[in-house]
Amino acid sequence: MLLQAFDSLAFGVRHWTAVVAAWGLLAACCGSAEGQQPAAPPSKLPNALAVAEAPAGEGTYECDFRNGRFDAETLVPTGYDSPYSLNFIRPERQGLRVLIPASQGRTRPKVGVFAALKLEGDFEITAAFDLVAADAPDVGLGVGANLYIMAEQSLNGATLRRCISPDGQDVFFVHRALRQADGRRQVETDYFPAHSHEGQLRLARQGTSLKYLVADGEEPVFREIKSIEYGANPVALIQLQATTDGASKNVETYWRSLSIRADKLTRIDIPLLHRPPAR
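Position 109 (the sequence shown) corresponds to 539 in the numbering used here; numbering is contiguous.
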């Protein structure tokens with residue numbers, strides 16, 4: 431028990447350093463529309479596989495969250511802001527556990543991680559999940575496991591979510607917020623039936639077309655449920671979350687893995703994530 435508490439504290443200390451830099455990164459991303467590594471706090475969390483650059487400029491990123499693995503060099507926890515909230519997100523044997531209790535659903539509607547990676551050209555983002563618990567919401571668009579991306583400059587956003595809909599159905603939720611010629615962002619949403627509490631979510635871009643694909647259950651076969659015109663701007667915001675979407679409802683999910691392929695994949699430098707502030 432003492433060791434578990436110590437690990438949670440170390441994970442949280444790193445979060446506080448990272449989240450300050452994260453706000454700067456998000457501001458830079460929206461605005462564009464828009465040495466030696468110090469000793470880290472003690473932790474039992476081993477790093478996952480880091481970014482690998484292929485000679486031709488192609489890049490891949492693989493992170494298996496099972497057995498307590500967490501890539502603290504690339505993934506930044508977001509969405510919780512107190513010592514009490516340290517239990518909302520934790521690497522465990524089954525994967526990266528993200529929990530939002532109903533009492534915190536309105537004040538902390540999204541908890542998870544964002545990947546400090548920039549994707550250019552064609553890409554494919556795949557996240558495996560297990561939605562352990564989710565209550566039907568009384569507000570918002572769905573309680574569940576959320577994959578979200580946003581492009582630079584255009585600020586085009588896209589969400590693919592396995593969730594419980596407001597009418598209590600098991601669904602895949604598709605969202606897009608696309609910038610129009612007059613500068614406004616047009617938001618559209620759709621729901622598609624889901625059957626299993628576990629599976630995989632995938633967002634894949636070819637040229638300027640973005641496809642939403644899902645694998646329901648343990649079957650590795652993906653099916654396309656939506657395709658949109660997304661644009662070719664680089665994507666520098668990738669988030670995995672559990673979300674209540676503002677409802678005072680419970681949600682708990684395990685993220686099992688995150689896999690990314692892109693024509694060009696680079697790590698975004700977050701200085702405070704890798705070196706301490708000046709004394």
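By construction, the Cβ of each residue, glycine as well, lies at the ideal position given by its N, Cα and C atoms.
For residue j and residue i, believed in contact at Cβ under 8 Å, the rounded distance
i    : j    : result
C593 : V601 : 6 Å
A588 : Y660 : 7 Å
Q665 : F500 : First, the amino acid is wrong: residue 665 is Val here, not Gln. Not a contact, Cβ separation roughly 22 Å.
L631 : L577 : 5 Å
I557 : L688 : The residue asked about is misnamed: residue 557 is Ala in this sequence, not Ile. Contact holds; Cβ gap of about 5 Å.
I555 : L633 : 5 Å
Boundaries (first-last residue) of the beta strand (DSSP E) holding residue i
i    : result
K641 : 639-646
L571 : Careful: L571 lies outside any beta strand (DSSP E) and carries neither H nor E.
D617 : In the sequence on display, residue 617 carries Val and not Asp. Counting along the chain, the beta strand (DSSP E) containing V617 begins and ends at 615-623.
F544 : 540-545
A634 : 628-636
V681 : 681-697
Backbone secondary structure at residue i - three-state DSSP
i    : result
A532 : helix
F495 : coil
F500 : coil
A518 : For the record, residue 518 in the displayed sequence is Phe; it is not Ala. Residue state, collapsed to three classes: helix.
N576 : strand
L561 : strand
P596 : coil
G676 : coil
Y660 : coil
A588 : strand
R523 : coil
L700 : According to the sequence displayed, residue 700 carries Ile and not Leu. The answer is coil: DSSP assigns I700 none of H, G, I, E or B.
E649 : coil
A666 : strand
Contact check, residue i vs residue j, beta carbons under 9 Å
i    : j    : result
N680 : A532 : yes
F559 : W685 : yes
R697 : A581 : no
F622 : I658 : no
A677 : D597 : no
T674 : V573 : yes
R614 : N586 : no
G542 : I519 : yes
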